[in-house]
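Q:
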Amino acid sequence: MKTMEAIMTHVKSKPKKKLLSMRRKEELQGYLFLSPWLIGFVCLTAGPMLFSLYGSFTNYDVTSKMDFIGLDNYIRMFTNDDLFWISLWNTIYYVLFSVPLTTVGAIVLALLLNQGVPGMRLYRTIFYLPAVLSGVGVYLLWMQLLAPSTGLVNHFLGLFGIEGPAWLTDPAWTKNALIFMKMWSVGGSMLLYLASLQGVPKSLYEAAEIDGANAIQRFFHITLPMITPVIFFDIVTSLIYGFQIFQEAYVMSDNGDGGPVNSLLFYNLHMWNKAFEVFDMGYAMALSWVLFVVVLILTLINLKLAPRWVHYEGGDES
Amino acid sequence: MSSFTQPKHSYFQSVRLRKKWMNVLISLLLIAGSILILTPVWWMISTSLKSMQEITRFPPTIIPEEFHFENYINTWKSAPFTLYTLNTLFITTFAVIGSVLSNSLIAYGFAKIRFRGKKVLFAVVLSTMMIPGFVTLIPQYVLFSKLGWLNTALPLIVPPFFGSAFYIFLLRQFFMGIPHEMIEAAKIDGASHFTIWRRIAVPLAKPAIATVAIFAFNSAWNDFQGPLLYLNDEVLYTLQIGLQIFKGEAATQWNYLMAGSLLVLLPVIILFFIFQRYFIEGANITAGIKG
């Protein structure tokens with residue numbers, strides 16, 4: 000930008016015009032290339048969000064009414080909807096356990112894979128496989144694995160004399176079952192950590208070894224700081240995705256009824272039922288905004304705390 | 000290892016020996032982990048080939064005593080799976096084409112064209128990654144219903160043509176790596192950005208574009224919430240919805256349910272093994288994130 004201006008001030012009158020028109024042409028092309036995103040952003044993201052924000056203060060039901068009712072939806076949520084609290088608690092429970100477990104699991108796995116033992120490529124393939132498998136097929140597989148009498152998990156526990164729980168029918172165990180299932184696909188973020196570990200310059204380790212740092216010191220003073228940007232990215236995204244858990248609960252409870260004693264009624268499922276089962280759209284939109292604010296605050300806290308522990312190797316960012 | 004290191008021999012040997020044992024230990028852990036990861040997949044295959052009588056037997060058999068391949072045929076026949084497959088392929092094809100086209104154009108714009116407000120707009124792109132899908136789910140449903148798109152594949156086919164933050168980010172990172180001189184040289188030869196995009200950028204970015212195509216394929220193929228919301232007519236159902244209904248019909252016929260699950264997962268598994276390196280490519284680019 001600065002060089003451009005320097006050129007412009009030096010080269011007067013005639014070429015200036017040409018340069019300007021070239022620049023304008025370039026700008027026009029830029030917006031043209033961006034146009035799909037610009038249209039999509041206005042029509043599919045920003046517009047809908049504004050509509051939803053306004054809608055959350057109405058009694059909208061898609062077909063007939065859309066009267067402004069002030070804060071009624073929000074008041075009702077906090078004072079007169081037990082399922083709101085239950086679903087919020089279920090979701091927080093899920094996030095609270097699944098996010099740390101998968102983060103630590105993925106890091107440990109990536110560290111093991113990065114030790115240069117033979118067959119690394121094969122292991123990487125195997126561990127990553129579950130991460131590409133998703134959808135109803137996988138949930139059905141886990142329903143079978145976790146089935147109390149014919150399932151493999153309880154057979155396996157039985158070998159050690161442990162009587163496995165009724166994973167998907169005992170309300171005390173349903174969420175743990177889903178967290179357990181989530182752990183299976185930890186290879187997805189493992190791949191990110193592995194890529195990041197491989198980007199740590201070898202010279203750092205060599206220097207540390209010469210200084211007499213042992214393996215544990217090397218991990219905490221070199222490896223861990225170097226991969227903090229990926230840890231940060233992983234935590235922020237898994238928090239956002241964790242709060243959106245829906246499909247698993249919908250498929251693994253009977254057609255989205257939220258499972259035994261509402262133990263699988265996650266926030267999104269509650270919202271889904273309000274919006275598309277009883278068409279209480281205004282209320283459902285209010286629900287969505289409350290969770291959005293919760294997620295937003297958590298993300299902002301993460302961003303705020305990041306400079307304290309995330310280590311950036313300066314300069315790469317455009 | 001030979002004779003001239005004799006004095007220090009024992010020290011080096013002990014270090015090397017320790018490393019060797021460490022590697023053995025790690026290998027054992029990785030093998031155990033691999034077995035744990037693969038067992039569910041094996042269990043799915045095994046159960047899909049068993050008779051119901053064998054499934055309920057205790058202790059369970061690891062390899063089926065008899066291979067009931069007819070389970071697959073019976074499963075396929077018990078619901079209109081052929082129709083579901085065609086529907087899914089139709090939606091998936093458009094989703095992949097839309098994602099590749101739109102995101103590569105948008106990403107090129109962000110990476111290689113100079114215009115005002117680019118930084119701000121790119122920050123907006125990244126921040127949309129932070130917006131949970133459920134905030135736009137209901138108003139989008141309202142929009143599509145007002146457009147008369149309910150019960151058509153349009154709500155699933157059209158949005159991919161407008162780009163998505165993660166793919167834009169991924170491709171932009173890749174395009175940034177194309178030397179600027181190359182673009183400038185083409186411009187001096189009179190090429191427009193569109194020509195440069197088509198002739199230079201896209202061919203060079205093939206690995207990144209393949210990554211986007213595969214990710215887009217997987218997410219469209221596995222999408223459950225979208226079809227569940229928008230497709231109510233049985234002739235429009237996708238495989239995911241079909242399988243969900245089949246779940247209710249087959250109840251605890253685990254052999255059929257596993258056969259159905261495996262058939263639906265098969266394309267994803269095959270693609271994964273063929274195009275594995277593109278998943279790794281995707282991870283490498285994403286891990287380059289600096290904030």
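Chains as they are written, first to last, in numbering that gives the first Met the number 0: chain A, 0 to 317; chain B, 0 to 290. Every residue gets a Cβ at the ideal spot worked out from N, C-alpha and C, and that includes glycine. Remember, predicted model here, so these are calculated numbers, not experimental data.
1. Quick check: the stretch 225-235 of chain A against the stretch 293-313 of chain A, are at least 3 beta-carbon pairs closer than 8 Å?
2. Are the C-beta of Ser101(B) and some C-beta of chain A separated by less than 8 Å?
3. Can you list, in chain order, the residues of its chain whose CB lies under 6 Å from that of Ile284(B), leaving out five sequence neighbours each side?
4. Along chain A, which residues have their Cβ under 7 Å away from the Cβ of His179(B)?
5. Please look up how many angstroms separate the CB atoms of Ala285(A) and Tyr73(A), rounded, as I've assumed it's under 8 Å.
6. Count the other CB atoms within 10 Å of the CB of Lys19(B); is the residue buried (16 or more) or exposed (fewer)?
7. I'd like to know if Pro129(A) contacts chain B, where contact means its C-beta is closer than 8 Å to some C-beta of that chain.
8. Can you name the residues of chain B whose CB is closer than 7 Å to the CB of Ile106(A)?
9. Beta-carbon within less than 8 Å of Phe245(A)'s beta-carbon, same chain only, minus the 5 sequence neighbours each way: which residues are those?
10. My output table needs one value for Thr194(B): the three-state DSSP class, helix, strand or coil.
11. Quick one: which residues of the stretch 124-136 of chain B get their C-beta closer than 9 Å to a C-beta of chain A? List them in chain order.
12. Taking only beta-carbon atoms, is Leu28(B) less than 8 Å away from chain A?
13. For Ser1(B), which residues from the same chain have a beta carbon less than 6 Å from its beta carbon, with the 5 sequence-adjacent residues on both sides left out?
14. What is the rounded straight-line gap between the Cα of Asp60(A) and the Cα of Thr91(B)?
15. Closest to Asp169(A) by C-alpha separation, out of Leu290(A), Ala214(A), Ser262(A) and Glu25(A), would be which residue?
16. Go ahead and pull the three-state DSSP assignment for Trp308(A).
17. Buried or exposed: His192(B), going by 16 or more other Cβ atoms within 10 Å of its Cβ?
18. With a cut-off of 8 Å, does the C-beta of Met225(A) fall near any C-beta of chain B?
19. Please classify Ala109(A) as buried or exposed, where buried requires at least 16 neighbouring CB atoms within 10 angstroms.
20. When we look at the beta-carbon of Asp210(A) and count the other beta-carbons within 10 Å, is it buried (16 or more) or exposed?
21. If you run the structure through DSSP and keep just helix, strand and coil, what is Phe218(A)?
22. Is it right to say Leu19(A) is buried, meaning 16 or more other beta carbons lie within 10 angstroms of its own, or is it exposed?
23. Reducing DSSP to helix, strand and coil, say where Phe245(A) ends up.
24. For the stretch 158-192 of chain A, list every residue whose C-beta sits within 8 Å of some C-beta in chain B, in sequence order.
25. Find the residues of chain A that neighbour Ile112(B), judging by a C-beta separation of less than 7 Å, and give them in chain order.
26. For Val94(A), which of Thr62(A), Ala194(A) and Thr236(A) has the nearest alpha-carbon?
27. What alpha helix (DSSP H) runs, 4 residues minimum, are completely inside the stretch 58-121 of chain A?
28. Taking all protein chains shown into account, decide if Thr210(B) is buried (16 or more other Cβ within 10 angstroms of its Cβ) or exposed.
29. Starting from Lys49(B), trace the alpha helix (DSSP H) in both directions and tell me its first and last residue.
30. Spatial neighbours of Thr60(B) within its chain, please: C-beta separation below 7 Å, excluding the five flanking residues on both sides.
31. Quick check: the Cα distance between Gly314(A) and Gly287(B), rounded to an integer number of angstroms?
32. May I ask which residues mark the beginning and end of the alpha helix (DSSP H) holding Trp271(A)?
33. Applying a beta-carbon distance threshold of less than 9 Å, which residues of chain A neighbour His192(B)?
34. Can Thr101(A) and Met182(A) be called in contact, C-beta distance under 8 Å?
A: Result, derived from the coordinates:
1. Taking 8 Å as the limit for Cβ pairs, the verdict is that the stretch 225-235 of chain A does touch the stretch 293-313 of chain A.
2. Interface annotation, Ser101(B): in contact with chain A, CB-CB separation under 8 Å.
3. The residues are Leu169 and Gln172.
4. By Cβ distance, chain A contributes nothing, its closest Cβ being about 12 Å from His179(B), past 7 Å.
5. Sure, about 6 Å apart at Cβ, within 8 Å.
6. It is exposed - the Cβ of Lys19(B) has fewer than 16 other Cβ atoms within 10 Å.
7. Chain B, which has a Cβ nearer than 8 Å to the Cβ of Pro129(A), makes this yes.
8. In chain order: nothing, as chain B lies at least about 13 Å away.
9. Around Phe245(A): Phe265, Asn267, Leu268 and Trp271.
10. In the three-state reduction of the DSSP assignment, Thr194(B) falls in the helix class, which pools H, G and I.
11. Close to chain A, meaning a Cβ-Cβ distance shorter than 9 Å, are the following residues of the stretch 124-136 of chain B: Val124, Thr127, Met128, Met129, Ile130, Pro131, Gly132, Phe133, Val134, Thr135 and Leu136.
12. It does; some Cβ of chain A falls within 8 Å.
13. Only weak support exists for where Ser1(B) lies, its pLDDT of 47 falling under 50; the coordinates are left without a value.
14. Roughly 31 Å between the two C-alpha positions.
15. Among Leu290(A), Ala214(A), Ser262(A) and Glu25(A), the Cα nearest to that of Asp169(A) is on Ser262(A).
16. It is helical.
17. By the 10 Å Cβ count, His192(B) comes out buried.
18. With its beta carbon at least 8 Å from every one in chain B, Met225(A) lies outside the interface.
19. Under a 10 Å Cβ-count criterion, Ala109(A) is classified as buried, with 16 or more other Cβ atoms of the shown protein chains found around its own Cβ.
20. Exposed, by the Cβ-count rule.
21. The answer is helix: DSSP assigns Phe218(A) an H, G or I state.
22. Burial is judged here by how many other beta carbons sit within 10 angstroms of a residue's own beta carbon; Leu19(A) has fewer than 16 and is exposed.
23. DSSP places Phe245(A) in coil when its eight states are reduced to three.
24. Flagged, chain order: Trp183, Gly186, Leu190, Leu191 and Tyr192.
25. Result: Glu25, Gln28, Gly29 and Phe32.
26. Nearest option by C-alpha distance: Thr236(A).
27. Runs of alpha helix (DSSP H) with 4 or more residues, each lying fully within the stretch 58-121 of chain A, are found at 71-79 and 81-112, listed in chain order.
28. So Thr210(B) counts as buried.
29. Run containing Lys49(B): none; DSSP gives neither H nor E here.
30. Only residues of its own chain outside the window of five on either side were considered, and among them Glu53 have a CB closer than 7 Å to the CB of Thr60(B), listed in chain order.
31. At Gly314(A) the pLDDT is 43, less than 50, meaning the model places this residue with poor confidence; the figure from the coordinates comes in the next sentence. Going from the Cα of Gly314(A) to the Cα of Gly287(B) covers about 12 Å.
32. If you look at Trp271(A), you'll find it in the alpha helix (DSSP H) that goes Tyr266 to Trp271.
33. Taking a Cβ-Cβ threshold of 9 Å, the residues of chain A close to His192(B) are Glu25, Gln28, Gly29, Leu31 and Phe32, in chain order.
34. Judged by beta-carbon spacing, Met182(A) lies within the 8 Å limit of Thr101(A), meaning their Cβ atoms are closer than that value.
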